[in-house]
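This report concerns only the one structure given below.
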Amino acid sequence: MSFSDDLYRFYHFLQSERQYSAHTLAAYQRDLQAFMSSLHKAGVDSWQQVEAQHVRAHIARLHRQGLQGSSLQRQLSAIRTLFGFLCRHGCVDNNPAIGVPAPKRHKHLPHTLSADQLSQLLDRHGDEPLMLRDIAMMEMLYACGLRLSELVAMNLGDINWQQHIVKVTGKGGKQRRLPFGGKAAIALQRWLACRARFAGEAQPALWLSQRGRRISHASVQQRLKKLALQQGLDTRVSPHMLRHSFASHVLESSGDLRAVQELLGHANLSTTQIYTHLDFQHLASVYDQAHPRARKV
């Protein structure tokens, strides 16, 4: 069986059984296409011929080309996952990517907006339908800490108005129920009052484009960027920045890392722990004010 046949089976496995998103699947395909190119140049024409030295040489070449540690780790993850799949299906006897190291990734703390900046962004007046939609989308992003993909996938039926809870589908098809507050509820109601102008009753999507279709990821990003400029913010704002701001603000107020993990839909607590670094300045301020031996003399 050829490389392409096995890769097709592998991609089908990622999509159907692992339930990877189209974005993640495309990243795997790009990474493995680069690896297959390296194998071709090395004269490798079967899975059994692939050794750890081929994986190391591929990663070293990408490193010389300037790829950062996080990208190299993603490349290695794709190769390991592929060979794990091939091992289970009897195509190879071992995984040559096991034990191959990648340069450590630098931890970049996520950028967040302050409460004042969020007020500046979201306290926008007007009744133009697309602006009402945009404000409602941004309010929900911040109110629930949503991923962009989760926001775009929302349907009308996902909202429980009695309890002010929205059902979202996250990574791996995992669902979670998230509360949303009064500001988001008001913005959402104002958008729903004019949503019917864009689509009929048969359209389930909550957020619609001018053509009555489910809004795209790129459109949300562009509209948020435009809104931030209109509101005079001097920083580049993205949907993920609103998610980061949500996590940082909830953690700062509650100190409950586990709750933030559940709200964000993180599978591992270690992913959520990055937000503890964001709180250091706040914690240091609390310490200076509260600790009897910290006060300046």
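In short: position in the sequence shown from 1, add 524, done, that's my numbering.
Glycine included, each C-beta is placed from N, C-alpha and C at the ideal position.
Remember, predicted model here, so these are calculated numbers, not experimental data.
{"query": "Neighbourhood of Gln-599 by C-beta, 8 Å cutoff - its chain only, sequence neighbours within 5 removed", "result": "Asp-555, Ala-558, Phe-559, His-582, Ile-583, Leu-586, Leu-591 and Ala-626"}
{"query": "Alpha carbon of Leu-596 to alpha carbon of Val-624, nearest angstrom", "result": "11 Å"}
{"query": "Backbone CA spacing between Gln-746 and Gly-705 [nearest angstrom]", "result": "25 Å"}
{"query": "Beta-ladder partner(s) of Gln-699, from DSSP", "result": "Thr-693"}
{"query": "Endpoints, the alpha helix (DSSP H) within which Tyr-532 is located", "result": "527–540"}
{"query": "Through-space distance from Gln-553 to Arg-657, alpha-carbon basis", "result": "35 Å"}
{"query": "Assigned secondary structure, Leu-732 (DSSP; H/G/I helix, E/B strand, else coil)", "result": "strand"}
{"query": "Given 8 Å, three or more beta-carbon pairs between the segment 667–685 and the segment 718–730", "result": "yes"}
{"query": "Endpoints, alpha helix (DSSP H) assigned at Trp-715", "result": "706–719"}
{"query": "Option nearest Lys-707 by Cα separation, candidates Ile-659, Thr-693, Lys-695 and Leu-751", "result": "Ile-659"}
{"query": "Alpha helix (DSSP H) segment containing Phe-609, residue limits", "result": "593–612"}
{"query": "Nearest residue (CA-CA) to Leu-766, options Met-661, Leu-549 and Asp-529", "result": "Met-661"}
{"query": "Ser-772 classed as buried or exposed, judged by whether at least 16 other C-beta atoms fall within 10 angstroms", "result": "buried"}
{"query": "Rounded straight-line distance, which links the Cα of Arg-700 to that of Gln-785", "result": "12 Å"}
{"query": "Paired residues, beta bridge with Arg-648 - DSSP", "result": "Beta-bridge pairing links Arg-648 to no other residue."}
{"query": "Burial state of His-649, where buried means 16 or more other Cβ atoms lie within 10 Å", "result": "exposed"}
{"query": "Three-way DSSP call (helix, strand, coil) for Val-821 in this model", "result": "Only weak support exists for where Val-821 lies, its pLDDT of 47 falling under 50; the coordinates are left without a value."}
{"query": "Spatially closest choice to Ala-711 from Leu-787, Leu-753, Leu-646 and Val-616, by CA coordinates", "result": "Leu-646"}
{"query": "Cβ shell of Leu-538 (< 7 Å), same chain only, five flanking positions each side left out", "result": "Tyr-544, Leu-549 and Tyr-552"}
{"query": "Cutoff 8 Å; reference Gly-756; Cβ partners in own chain excluding five residues on either side", "result": "Gln-644"}
{"query": "Ile-739 classed as buried or exposed, judged by whether at least 16 other C-beta atoms fall within 10 angstroms", "result": "buried"}
{"query": "Collapsed DSSP secondary structure at Ile-683 in the structure displayed", "result": "strand"}
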